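Shown next, in structure tokens, is the structure this report addresses.
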Amino acid sequence: MKHKTRNYPDSVHEYVRDTSLRLTPVMKKHLERNSKMPHGGGMATPPLQGQFLSFLIKSIGAKRAIEIGVFTGIGTHWIADALGPGGKVVACDVSEEFTSVGKPFWEKEGLADRIDLRLAPADKTLKELAENGETGSFDFCYIDADKGSYPKYYKLVLPLLKTGGVIAFDNMLQGGRVADPSIEDEPVATIRKLNKKLHKDKQVDVSFLPVGDGLYLARKR
Ligand code: CA
Numbered sequence: 030m031k032h033k034t035r036n037y038p039d040s041v042h043e044y045v046r047d048t049s050l051r052l053t054p055v056m057k058k059h060l061e062r063n064s065k066m067p068h069g070g071g072m073a074t075p076p077l078q079g080q081f082l083s084f085l086i087k088s089i090g091a092k093r094a095i096e097i098g099v100f101t102g103i104g105t106h107w108i109a110d111a112l113g114p115g116g117k118v119v120a121c122d123v124s125e126e127f128t129s130v131g132k133p134f135w136e137k138e139g140l141a142d143r144i145d146l147r148l149a150p151a152d153k154t155l156k157e158l159a160e161n162g163e164t165g166s167f168d169f170c171y172i173d174a175d176k177g178s179y180p181k182y183y184k185l186v187l188p189l190l191k192t193g194g195v196i197a198f199d200n201m202l203q204g205g206r207v208a209d210p211s212i213e214d215e216p217v218a219t220i221r222k223l224n225k226k227l228h229k230d231k232q233v234d235v236s237f238l239p240v241g242d243g244l245y246l247a248r249k250r
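Letter by letter, the sequence shown follows residues 30 to 250 in this note's numbering.
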């Protein structure tokens, strides 16, 4: 197939990291701490993806963000930093244990006042934001949480965004399983359906990046 995304060897990925990645000393320590989590902290946002999200946030001049799925707060760290002074990220997660890992690093980086951590099911927090009149007031949303709930999160987040606001959905390739029609189990079926829905959804402009585990970008029209 023409125009396919290349499958680069690790040495090329290392080259890309070596020639572009910029980590603050605090972020380095945060990543080190995350790597000591079970399974090597693999649920955290990879550094190159974090830097891309940061670039995107700065490019659209975002000041108010929502993050769904905090885990150890690496993504939160990137987002809060990118928002700049006066920025605010509503960070949604249910785990006090995991989010607590991130807190000292947010503080050391001087970002604590930009992070509004809500320990509750994300759909509850999103409904509260709407009830509090915060509809149409957010610039950016990063969704990296329980995959089965992605359609629900999309439905709740879209009204909270301003026109031009961007949603980044992570893990939309499900390790490539979405492209194998013989796989019908969850969450693959749900994510496959959402990819189709986004493709057709006239409420948003879209771009599906086959980087990491698939990052689907949707910009509210
Ligand atoms: Ca992820």
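We put the CB at the ideal spot given by N, CA and C, even for glycine. Note that the structure is predicted; figures quoted are calculated from it, not measured.
Buried or exposed, going by whether 16 or more other CB atoms sit within 10 Å of the CB of residue i?
{"i": "S49", "result": "exposed"}
{"i": "K225", "result": "exposed"}
{"i": "N36", "result": "exposed"}
{"i": "E96", "result": "buried"}
{"i": "D110", "result": "buried"}
{"i": "I172", "result": "buried"}
{"i": "G98", "result": "buried"}
{"i": "A197", "result": "buried"}
Quick check on the DSSP output: the beta strand (DSSP E) that includes residue i runs from which residue to which?
{"i": "F198", "result": "L190 to F198"}
{"i": "I252", "result": "One cannot answer for residue 252 here, as it falls past the ends of the chain, which runs 30 to 250."}
{"i": "K249", "result": "L244 to K249"}
From residue i to residue j, what distance separates their C-alpha atoms?
{"i": "P216", "j": "G162", "result": "32 Å"}
{"i": "G115", "j": "V55", "result": "20 Å"}
{"i": "S236", "j": "M66", "result": "32 Å"}
{"i": "E136", "j": "G102", "result": "12 Å"}
{"i": "V70", "j": "N63", "result": "The residue asked about is misnamed: residue 70 is Gly in this sequence, not Val. Going by the C-alpha atoms only, they are around 5 Å apart."}
{"i": "H59", "j": "L82", "result": "17 Å"}
{"i": "A247", "j": "P180", "result": "13 Å"}
Between residue i and residue j, which are expected to be in contact by the criterion C-beta below 8 Å, what is the C-beta distance as a whole number of angstroms?
{"i": "T164", "j": "V119", "result": "With a Cβ gap of about 13 Å, T164 and V119 do not count as contacting."}
{"i": "V233", "j": "R221", "result": "About 18 Å separates the two Cβ atoms, so there is no contact after all."}
{"i": "K156", "j": "L185", "result": "7 Å"}
I'd like the span of the alpha helix (DSSP H) that includes residue i, first residue to last.
{"i": "I212", "result": "Premise fails: I212 is in no alpha helix (DSSP H) and is neither H nor E."}
{"i": "S129", "result": "E125 to K137"}
{"i": "D122", "result": "Taken as a continuous stretch (DSSP letters only), D122 belongs to no alpha helix (DSSP H), being part of the beta strand (DSSP E) at K117 to D122."}
Between the segment 86-104 and the segment 32-49, do at least 3 Cβ pairs fall closer than 8 Å?
At 8 Å Cβ cutoff, the stretches do not touch.
Any contact of the segment 135-144 with the segment 168-186, i.e. 3+ C-beta pairs under 8 Å?
The segment 135-144 is not in contact with the segment 168-186.
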